[in-house]
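Notes follow the structure.
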Amino acid sequence: MPTAVDPAKTAGPAIILVEPQLGENIGMVARAMANFGLSELRLVNPRDGWPSEKARAAASRADHVIDATRVFDDLASAVADLNFVFATTARERDGFKPVRGPVEAGRVLRAHVEAGLRTGILFGRERFGLYNEEVGLADEIVTFPVDPSFSSLNIAQAVLLMSYEWMKSGLAEETATNFSGPELVPATKEQLHSLFTYLEGALEARGYFRPEEKKPKMVDNLRAVLTRASFTEPELKVLRGIISSLDRFSPAMPRGDGSPGDDPRRLPATRKRAADKES
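Per this note's numbering, numbering through the sequence shown is continuous, rising by one, with the last residue being 338.
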């Protein structure tokens with residue numbers, strides 16, 4: 060007989076697997092549940108019995124889910140204490156049940172749980188899902204927007220998707236993240252113009268602006284590219300450091316004396332020997 064579970068300790072909908080075949084799949088389901096704060100797993104007549112060491116190994120330390128798993132002989136018993144149940148299916152069913160996508164289903168579950176109701180989500184067999192009479196025990200249907208030509212989902216993937224939507228429905232903002240990047244302030248125009256001037260001088264020294272009459276347009280294009288990026292001050296410092304590292308001229312090839320690439324000391328060995336002979 061399954062042991063009783065305190066409803067107050069149930070953080071969300073129960074995940075109910077109907078006749079799951081592989082212990083590894085059950086373990087991966089437990090792992091997916093734990094990722095998104097679900098802990099109540101119910102199994103209906105698992106093919107290979109329970110408990111399962113293969114399930115525990117595949118759960119990747121989601122032992123609290125594995126240890127609390129309850130096993131039932133039939134689906135009616137597994138859902139008897141629940142107030143509201145979704146059935147997952149990839150194909151259209153006859154009947155009059157509402158059909159929702161996973162986003163809306165997550166919100167519906169959240170509303171029911173917050174109202175004090177006990178909820179569950181049914182997942183069918185790995186090979187062919189739920190029978191019609193099993194879907195008939197649910198209140199509503201949830202289906203995933205998958206490619207109709209390849210609609211079969213691994214059971215752990217399906218549980219992961221619904222577990223994610225469950226957690227997302229409880230966020231103050233659905234786009235919230237557990238951590239964020241640094242808050243960067245855009246550079247001032249003075250800092251940006253300083254980079255323009257420095258870069259233009261370095262390119263001028265290298266003979267980049269050729270022919271001379273095209274220089275104004277080339278400068279305009281350069282400024283347009285750099286302005287569009289909305290650089291921050293730290294980013295400008297990185298760019299300036301890069302330019303500075305490239306802006307080194309030898310004593311024999313000082314700034315303003317053409318491209319530093321013409322310095323024989325910067326040429327490959329074969330070209331350097333040829334340049335030495337010419338001199």
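By construction, the Cβ of each residue, glycine as well, lies at the ideal position given by its N, Cα and C atoms.
Q: Specify the secondary structure class of F209 as computed by DSSP and reduced to three states.
A: helix
Q. Between the stretch 71-81 and the stretch 104-113, are three or more C-beta pairs nearer than 8 Å?
A. yes
Q) According to the Cβ coordinates, are L141 and T178 closer than 8 Å? A) yes
Q.
So, for L251: in the same chain, excluding its five sequence neighbours on each side, which residues have a beta-carbon less than 8 Å away from its beta-carbon?
A. L285, T286, F290, L295
Q) Is any beta-carbon of chain C found at less than 8 Å from that of T128? A) This model lacks chain C altogether, as it is built from one protein chain only.
(Q) Just verifying my parser: in three-state terms, what is the DSSP assignment at L76? (A) strand
**Q.** V124 versus F155, P293, V88, residue with shortest Cα-Cα distance
**A.** V88
Q: In the DSSP assignment, find the unbroken alpha helix (DSSP H) run with E163 in it and report its ends.
A: 161-173
Q. Taking the alpha-carbon positions, what's the R169 to F143 distance?
A. 11 Å
Q: Inspect the beta-carbon positions of R339 and A121 and report whether they are closer than 8 Å.
A: Since the displayed the chain opens at 60 and closes at 338, residue 339 lies outside it and no answer follows.
Q.
Considering only the alpha carbon of each residue, which of A149, K113, G300, V103 lies closest to D206?
A. A149
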